[in-house]
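Heads up, the sequence shown is in the UniProt record's numbering, so the first residue is 1 and it goes up one at a time.
One structure is given here, and the rest of the page talks about it.
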Amino acid sequence: MIPDVSKALSWLEAHPQAIKGIRRGIERETLRVNADGSLASTGHPESLGAALTHEWITTDFAETLLEFITPVDGDIDHLLTFLRDIHRHTARTLGEERMWPLSMPCFVGDEQDIELAQYGTSNIGQMKTLYREGLKNRYGALMQIISGVHYNFSLPLSFWQARLGVKDAESGKEAISAGYFSLIRNYYRFGWVIPYLFGASPAICSSFLKGRESALPFERDEKGMCYLPYATSLRLSDLGYTNKSQSNLGITFNDLNTYVAGLKKAIRTPSEEYAAMGLKRDGRYLQLNTNVLQIENELYAPIRPKRVTRRGETPSDALMRGGIEYIEVRSLDINPFSPVGVDITQARFLDLFLIWCALADAPEMSSDELLCTRKNWNRVILEGRKPGQTIGIGCEESFEPLVEVGKSLFADLRRVAEVLDKVNGDRQYQGTCDELVASFDDPDLTYSARILQAMKENGLKGVGLALAEQYRQMLSEEPLEILTDEKLAAEQQASLQRQAAMEAEDTLSFDEFLSKVNGGN
1 MIPDVSKALS WLEAHPQAIK GIRRGIERET LRVNADGSLA STGHPESLGA
51 ALTHEWITTD FAETLLEFIT PVDGDIDHLL TFLRDIHRHT ARTLGEERMW
101 PLSMPCFVGD EQDIELAQYG TSNIGQMKTL YREGLKNRYG ALMQIISGVH
151 YNFSLPLSFW QARLGVKDAE SGKEAISAGY FSLIRNYYRF GWVIPYLFGA
201 SPAICSSFLK GRESALPFER DEKGMCYLPY ATSLRLSDLG YTNKSQSNLG
251 ITFNDLNTYV AGLKKAIRTP SEEYAAMGLK RDGRYLQLNT NVLQIENELY
301 APIRPKRVTR RGETPSDALM RGGIEYIEVR SLDINPFSPV GVDITQARFL
351 DLFLIWCALA DAPEMSSDEL LCTRKNWNRV ILEGRKPGQT IGIGCEESFE
401 PLVEVGKSLF ADLRRVAEVL DKVNGDRQYQ GTCDELVASF DDPDLTYSAR
451 ILQAMKENGL KGVGLALAEQ YRQMLSEEPL EILTDEKLAA EQQASLQRQA
501 AMEAEDTLSF DEFLSKVNGG N
């Protein structure tokens, strides 16, 4: 089941310096809630700056859904401390509101009460809100307020130079992109290990179902919690942030040209379903356009190839210009055991796993095989901790015990850990392996098992509220370590000025602007 990576690992052991200089960034989402766990009805606090233009603090789908973004960093400890500083500042700013510490929201009243994120009167700002209007009308607002953590990761140029013989990033962009696509294909094949270890959404509040029928065999408690006894991440299930209608787009991850062509086709292809919904009603826009995807970001995926865009550039145009710069891992639930939603153990594991994915052979994948990998993910998402659980091999009807596959993977990861520890002069990555591999023999050590046990004892709402209050007090009282009050105040003011400048620069009406954007697709 696990490919033979011995030659590649031997190469890595002979070239330890090639791995020096990994770069990372983190994006963490969290709902602002009241003391009773209900969604905050207040707008994005002006004291946190303009969500459209702030470097570190923005909003995602809803006005109440905060998103924190770190700068790119070469040091995990520094990265997580920066993220914690953003949380410390926000905790002090929110007053009586809390940051919800779980991926799945607490009790949700009327879905129509979820206010879309607002970004001011500039054409770009209005377009961002309208895009969210389209998401709400296409998929429902509830799915969009589920929170997660994204881990952005790039290997150093020295890795690609030593591994592929490229000279520099520009001349080697095709080879480097091919290397990242190889990583992505292995992520699809083996990334189910992430929800197994770190999935932390085995339960939902019954209000989340809103009377909708679900084929999942939920067990329920008297406090309105619905759960699956062996589930790891309902956030990644069909209940959560997925879109089955996209599964037939046929977008593959074999090379840059076909990937971008598939993406561009999806944003140009009309959808009968969305056309029936209409572009406007009573003079008010309902979506950006009636195509399969309004914009490229609408493509839901557990991992994305990325490049920092220039002004006015689409993500796919950026990829075609410069190749893949980094990858975005999107399968992490909020870690409820961390005040900042993610911890150093997870970051170190992802480093190890993503390096392994870049080293292991990764045969090309058809769109059919991509769908096959989804079966393994679903198996782990819904029943990952089930005794005797198995994992499928490719699209064949043959299976191996999940425990054995997991241990085989960790045998490889340990060799990667030894190389990283040699470079860093410590044993921290090996310690991460020792800590996590135990979860295969004892599934009760997984995040999902631990949080479900707490929820069975105190209810989903009880656990969420207790952690939210604990973290609010903790973060409010901690001093800043990297950021300063002066830097935060300066960025808050600068973000407001940047938004005002964007609003003043507009010369087109929004209708004209939108027509130009859609014509450019």
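C-beta atoms are modelled at their ideal positions from N, C-alpha and C, and glycine is treated no differently.
Fair warning: this is a prediction, and the values are worked out from it, not measured in the lab.
- Relative to serine 207, the option among Pro195, Lys223, Ala215 and Ala275 whose CA is nearest is Lys223.
- Here serine 103 has Ile146, Ser147, Gly148, Ala200, Ser201, Arg235, Asp333 and Ile334 as same chain residues with Cβ atoms under 7 Å from its own Cβ, once five neighbours each way along the sequence are excluded.
- For the pair alanine 266 and leucine 299, the CB atoms are nearer than the 8 Å cut-off.
- By the neighbour-count criterion, in which 16 or more other beta carbons inside 10 Å mark a residue as buried, glutamate 481 falls on the exposed side.
- Taken in chain order, the complete beta strand (DSSP E) segments of 3 or more residues contained in the region 159-195 number zero; there are none.
- Only buried fits proline 315, as 16 or more other CB atoms lie within 10 angstroms of its CB.
- Inclusion of alanine 358 and serine 182 in the CB contact set at 8 Å is warranted, their separation being smaller than that value.
- An exposed status is given to lysine 375, since fewer than 16 other beta-carbon atoms sit within 10 Å of its beta-carbon.
- In this chain, the beta strand (DSSP E) harbouring glycine 25 covers 23-33.
- Nearest C-alpha to threonine 64 among Asp113, Ala18 and Gln430: Asp113.
- Comparing alpha carbon positions, the residue from Phe399, Glu400 and Gln428 closest to leucine 413 is Gln428.
- Comparing alpha-carbon positions, the option among Arg132, Phe410 and Ala500 lying closest to leucine 293 turns out to be Arg132.
- Aspartate 511 counts as exposed, since fewer than 16 other beta carbons sit within 10 angstroms of its beta carbon.
- Closest in alpha carbon position to proline 16, among Glu97, Trp160 and Val33, is Trp160.
- CA-CA distance, glutamine 473 to aspartate 73, rounds to 28 Å.
- Your pair asparagine 254 and methionine 99 does not check out as a contact, with CB atoms roughly 40 Å apart and the cut at 8 Å.
- For phenylalanine 153, the uninterrupted beta strand (DSSP E) run begins and ends at 148-154, by DSSP.
- A distance below 6 Å between beta-carbons, with the five flanking residues on each side excluded, links isoleucine 194 to the following residues of its chain, in chain order: Ser331.
- Under the DSSP definition of a beta bridge, threonine 390 partners with Pro401.
- Nearest C-alpha to glutamine 499 among Ser122, Ile2, Glu67 and Arg28: Ser122.
- Residue nearest to threonine 432 within the set Ile451, Phe410 and Asp441 is Phe410 (criterion: CA-CA distance).
- Closest in alpha carbon position to glutamine 492, among Lys20, Gly49 and Arg304, is Gly49.
- Where lysine 136 is concerned, the enclosing alpha helix (DSSP H) starts and stops at 123-139.
- Remark: C-beta atoms of aspartate 351 and isoleucine 22 approach each other more closely than 8 Å.
- Scanning the region 228-286 from its first residue to its last, the whole alpha helix (DSSP H) runs of 4-plus residues come out as 256-268 and 272-277.
- Ranked by how close their Cα comes to the Cα of arginine 415, the residues Leu402, Ile391, Trp356 and Gln389 have Trp356 in first place.
- If you compare the alpha carbons of Arg84, Leu263, Trp377 and Glu383 with that of proline 217, the shortest gap goes to Glu383.
- Approximately 6 Å separates the beta-carbon atoms of asparagine 152 and arginine 24; this is inside 8 Å, confirming the contact.
- When the alpha-carbon of asparagine 518 is set against those of Leu496, Met320 and Ile295, the nearest one is in Ile295.
- Using a Cβ distance threshold of 8 Å, arginine 32 and glutamate 97 count as a contacting pair.
- As for any alpha helix (DSSP H) of minimum length 4 sitting wholly inside the region 312-370, the runs are 315-322 and 344-359, ordered along the chain.
- Under the criterion of beta carbons closer than 8 Å, threonine 70 and leucine 83 qualify as touching, at roughly 5 Å.
- Across the structure, leucine 79 and lysine 407 are spaced so that their CA atoms are roughly 29 Å apart.
- Annotation: the continuous alpha helix (DSSP H) that includes arginine 472 extends over 460-477.
- Here leucine 279 has Tyr285, Leu286, Gln287, Asn289 and Thr290 as same chain residues with Cβ atoms under 8 Å from its own Cβ, once five neighbours each way along the sequence are excluded.
- Distance from the CA of asparagine 186 to the CA of alanine 362, rounded to the nearest whole angstrom, comes to 6 Å.
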